[in-house]
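Chains X and L, in that order, are what the protein sequence lines are.
Residue 33 in numbering that gives the first Met the number 0 sits at position 34 of the first sequence; the count goes up by one each step and never skips.
Residue 3 in numbering that gives the first Met the number 0 sits at position 4 of the second sequence; the count goes up by one each step and never skips.
Where a beta carbon is used, it is the ideal one built from N, C-alpha and C, also for glycine.
Here's the structure, in structure tokens; my notes come after.
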Amino acid sequence: MKIIITAASPNIDSEVDPRFGRGAYFLVVDPDTLEWQAHPNPGVGAPGGAGTLAAQFVANQHAEAVISGDFGPNAYGALQAAGVAMYLFGTNTTVREAIERFKAGQLEHVGAPTGPGRHPRG
Amino acid sequence: MKITIASGKGGTGKTMIATSLTLSLAAELTPPPLFLDCDVEAPNAHLFLKPTFEQRQDVGILIPRVDEAKCTHCGKCAEVCQYHAIAVLGIKTLVLPQLCHGCGSCTALCPEAAIREIPDRMGVIERGPAAAGISFARGVLDVGEPMAVPVIRQLKKWAVPQPGQVVVRDAPPGTSCPVVEAMRGADYVVLVTEPTPFGLHDLRLAVQVARELNIPVGVIINRDGSGDAGVDEFCAAVGLPVLMRVPFERAIAEGVAQGKNLVEIHPEYAAHFRQIFNQITTALS
Numbered sequence: 000m001k002i003i004i005t006a007a008s009p010n011i012d013s014e015v016d017p018r019f020g021r022g023a024y025f026l027v028v029d030p031d032t033l034e035w036q037a038h039p040n041p042g043v044g045a046p047g048g049a050g051t052l053a054a055q056f057v058a059n060q061h062a063e064a065v066i067s068g069d070f071g072p073n074a075y076g077a078l079q080a081a082g083v084a085m086y087l088f089g090t091n092t093t094v095r096e097a098i099e100r101f102k103a104g105q106l107e108h109v110g111a112p113t114g115p116g117r118h119p120r121g
Numbered sequence: 000m001k002i003t004i005a006s007g008k009g010g011t012g013k014t015m016i017a018t019s020l021t022l023s024l025a026a027e028l029t030p031p032p033l034f035l036d037c038d039v040e041a042p043n044a045h046l047f048l049k050p051t052f053e054q055r056q057d058v059g060i061l062i063p064r065v066d067e068a069k070c071t072h073c074g075k076c077a078e079v080c081q082y083h084a085i086a087v088l089g090i091k092t093l094v095l096p097q098l099c100h101g102c103g104s105c106t107a108l109c110p111e112a113a114i115r116e117i118p119d120r121m122g123v124i125e126r127g128p129a130a131a132g133i134s135f136a137r138g139v140l141d142v143g144e145p146m147a148v149p150v151i152r153q154l155k156k157w158a159v160p161q162p163g164q165v166v167v168r169d170a171p172p173g174t175s176c177p178v179v180e181a182m183r184g185a186d187y188v189v190l191v192t193e194p195t196p197f198g199l200h201d202l203r204l205a206v207q208v209a210r211e212l213n214i215p216v217g218v219i220i221n222r223d224g225s226g227d228a229g230v231d232e233f234c235a236a237v238g239l240p241v242l243m244r245v246p247f248e249r250a251i252a253e254g255v256a257q258g259k260n261l262v263e264i265h266p267e268y269a270a271h272f273r274q275i276f277n278q279i280t281t282a283l284s
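Right, dumping it as structure tokens:
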């Protein structure tokens, strides 16, 4: 299994980055072995559509689930279309802790966008 | 001759100046000028020039529609989209219309020709005769639509001047894309400002935009006498002509609040506006 979590720095003991589209890094993690790989977010400096771009990255990685702090309408729509489950990291601070809570089934599943979009065309 | 009236800061008197200039020229020029209200998010020049709209047209952009039967999910469209308005998610290609700028890259570059374009309405453009024989046209962006540029661009394309007809464009406030579009193609930009630190701050930005577009600039100082000398010092330092000063005066504020133009409040300004126009014409020739 492969899950993706937004991280402030490129390692598993990093704090979770609460932003999905604008998070600094994506950590691709196998929750069973805790093997991980860090990728810089390609959309961190995008003028708009960062959520879509981030969702595209997640889909290309064939991840089954993604953990972050916030999913706007574009990210939510794209991740849902890709069949990727979305979870909020809640009160955990590090990627490692968030993954433990995910494995324990303690993270909140996201069933709707968690906030408004920020960068419409214009 | 195309003149764009812009400002940077909002509320400095762009529309008052643009409509007063147009009315002053209408009395002298044949044909009278064509006026374009390019402030499509909040057009209000009609309050001064009282047009009768006779023609109306929907405007918008073309957005992609993907034929899933032909799509191989190769991802080329998502790769070329500058705005991330299209995403290929496994076996589904998703279009996000609210991010699309209608550039057409995805359609042009799809190797399977699986994308066609459908119109997405963003607003309306309208035109008709106004006071003093002026030809008036404006764009109105639909509520909730975030992108003004396509409406302004299509307004400019649709409301074309007759041979020799002067065009006056009233720009939106600010210095972002809609203002660039309202300036683009103009022969001269008049920046209306007020003598305050805020007016000066935005004037500097607006001058940079016009210079980037290689369009000569002149300044009109409105509410002259109300602030400080910063705007004057800036204009002198960078060599910008101050074309006119409109004093900070209660009679003008009251008249504008009643829907009157500067040339209706103080008819002597008409000659001044015509003189500015001649000054601009001379400067350009």
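Cβ of residue i within 8 Å of any chain L Cβ
i, result
"residue 51(X)", "yes"
"residue 81(X)", "yes"
"residue 54(X)", "yes"
"residue 76(X)", "yes"
"residue 62(X)", "no"
"residue 19(X)", "no"
"residue 121(X)", "Bear in mind that the predicted position of residue 121(X) carries a pLDDT of just 48, short of 50, making it too unreliable to give a figure here."
"residue 40(X)", "no"
"residue 47(X)", "yes"
"residue 7(X)", "no"
"residue 23(X)", "no"
"residue 73(X)", "yes"
"residue 97(X)", "no"
"residue 58(X)", "yes"
Residue-level contact to chain X via CB, residue i, 8 Å cutoff
i, result
"residue 113(L)", "no"
"residue 59(L)", "no"
"residue 173(L)", "no"
"residue 82(L)", "yes"
"residue 132(L)", "no"
"residue 198(L)", "no"
"residue 91(L)", "yes"
"residue 86(L)", "yes"
"residue 41(L)", "no"
"residue 95(L)", "yes"
"residue 181(L)", "no"
"residue 77(L)", "yes"
"residue 242(L)", "no"
Close beta carbons around residue i, own chain, < 7 Å, minus the five adjacent residues each side
i, result
"residue 54(X)", "74, 77, 78, 81"
"residue 121(X)", "Legend: pLDDT at residue 121(X) = 48, less than 50; position of this residue unreliable, value from coordinates given subsequently. The answer is none, since no qualifying residue turns up."
"residue 191(L)", "4, 6, 11, 12, 13, 16, 219, 221"
"residue 144(L)", "121, 122"
Cutoff 8 Å; reference residue i; Cβ partners in own chain excluding five residues on either side
i, result
"residue 81(L)", "100, 102, 104"
"residue 237(L)", "206"
"residue 108(L)", "75, 76, 79"
Within chain A, partners of residue i - CB distance below 8 Å
i, result
"residue 44(X)", "Within the model displayed, chain A is absent; protein chains X and L are what it includes."
Residue of the options minimising C-alpha distance to residue i
i, options, result
"residue 167(L)", "148(L), 195(L), 133(L)", "133(L)"
"residue 87(X)", "20(X), 50(X), 102(X), 65(X)", "65(X)"
"residue 149(L)", "180(L), 136(L), 129(L), 161(L)", "180(L)"
"residue 232(L)", "174(L), 262(L), 46(L), 195(L)", "195(L)"
"residue 3(L)", "116(L), 111(L), 38(L)", "38(L)"
"residue 96(L)", "154(L), 51(L), 63(L), 26(L)", "63(L)"
"residue 21(L)", "147(L), 135(L), 258(L)", "135(L)"
"residue 34(L)", "106(L), 127(L), 88(L), 112(L)", "127(L)"
"residue 169(L)", "30(L), 43(L), 89(L)", "43(L)"
"residue 39(X)", "46(X), 27(X), 107(X)", "27(X)"
"residue 90(L)", "110(L), 67(L), 98(L), 192(L)", "67(L)"
"residue 21(X)", "45(X), 89(X), 95(X)", "45(X)"
"residue 248(L)", "61(L), 267(L), 224(L)", "224(L)"
"residue 250(L)", "260(L), 210(L), 243(L)", "260(L)"
"residue 186(L)", "48(L), 25(L), 279(L), 123(L)", "279(L)"
"residue 4(X)", "104(X), 63(X), 51(X)", "63(X)"
Nonlocal neighbours in the same chain, by C-beta distance under 6 Å from residue i, ignoring five residues either side
i, result
"residue 59(L)", "118, 119, 120, 121"
"residue 254(L)", "264"
"residue 160(L)", "33, 166"
"residue 53(L)", "127"
DSSP beta-bridge partners of residue i
i, result
"residue 244(L)", "220(L)"
"residue 33(X)", "In DSSP, residue 33(X) forms no bridge with anything."
"residue 34(L)", "135(L), 167(L)"
"residue 55(L)", "125(L)"
"residue 26(X)", "4(X), 37(X)"
"residue 4(L)", "169(L), 189(L)"
"residue 15(X)", "6(X)"
"residue 62(L)", "117(L)"
"residue 108(X)", "86(X)"
"residue 65(X)", "3(X), 85(X)"
Just to confirm the assignment: which complete beta strand (DSSP E) runs, minimum length 3, are found wholly within the segment 142-208 of chain L?
166-169, 187-192
At 4 residues or longer, what runs of the alpha helix (DSSP H) sit wholly inside the segment 73-103 of chain X?
94-102
Start-end ranges of the alpha helix (DSSP H) lying completely within the segment 233-278 of chain L, minimum 4 residues
Whole alpha helix (DSSP H) segments, 4+ residues: 249-256, 261-264.
Restricting to runs no shorter than 3 residues, where is the beta strand (DSSP E) found entirely within the segment 64-142 of chain L?
85-88, 91-94, 114-128, 134-140
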